[in-house]
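Right under this line is the structure:
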């Protein structure tokens with residue numbers, strides 16, 4: 001099944017996977033502590049504004065994971081002391097779904113050491129929920145949050161587990177764990 005991009009978040013852990021049929025030549029890189037999705041060196045040039053963005057970034061005592069430009073302003077709100085639920089809801093509502101050919105939803109999660117929140121803004125709804133177990137939301141097909149069996153305990157294991165998940169067209173994955181410190185990792189299918 002093709003679900004597009006997806007996030008999985010739970011208390012202490014968050015992960016994101018790029019799945020793509022249209023732009024598979026992408027990778028995750030560490031750029032000054034933020035994990036950034038961008039084109040590979042051999043990718044064809046494009047003016048599509050939705051293919052390069054920070055997908056994992058710290059904000060306050062939290063980590064934000066998501067499928068687009070909403071990650072940065074959510075992290076900035078958290079740095080200003082906003083409660084995670086409010087930062088997530090305000091930014092998803094303000095930026096709305098992507099105005100591309102598919103009306104692609106924006107998805108994001110906020111992860112703390114003992115709490116997590118997941119959100120999606122679709123053409124027909126804004127959903128933001130506190131979650132107590134690993135929970136998935138995707139841009140297509142799985143666009144309502146649901147429990148997800150995530151076995152990983154480290155960021156590296158979470159990135160690899162999402163990359164290897166049975167959903168179709170894996171491109172790259174990134175993850176973070178939050179406890180006394182933040183650990184990030186990514187996997188580009190190498």
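Residue numbers (UniProt numbering): 1 to 190. We treat Cβ as the ideally placed atom computed from N, Cα and C, and that holds for glycine.
Item: Under the three-state DSSP convention, the category residue 173 falls into; Value: strand
Item: Ordered list of alpha helix (DSSP H) runs contained in the stretch 68-121, each at least 4 residues; Value: 71-79, 84-95
Item: Opposing strand residues paired with residue 66 [DSSP bridges]; Value: 108
Item: C-alpha gap between residue 141 and residue 10, whole angstroms; Value: 21 angstroms
Item: DSSP beta-bridge partners of residue 147; Value: 135
Item: Residues near residue 188 by beta carbon distance below 7 angstroms, same chain, minus five either side; Value: 27, 28, 172
Item: Neighbour-count burial assignment, residue 36, 16 or more Cβ in a 10 Å radius; Value: buried
Item: CB-CB length for residue 52 against residue 66, believed under 8 angstroms; Value: About 13 angstroms separates the two Cβ atoms, so there is no contact after all.
Item: Cβ-based neighbour list, residue 119, same chain, cut-off 6 angstroms, excluding 5 preceding and 5 following; Value: 88, 92, 108, 128
Item: 8 angstroms Cβ cutoff met for residue 56 and residue 34; Value: yes
Item: Host beta strand (DSSP E) of residue 15 (start-end); Value: 13-19
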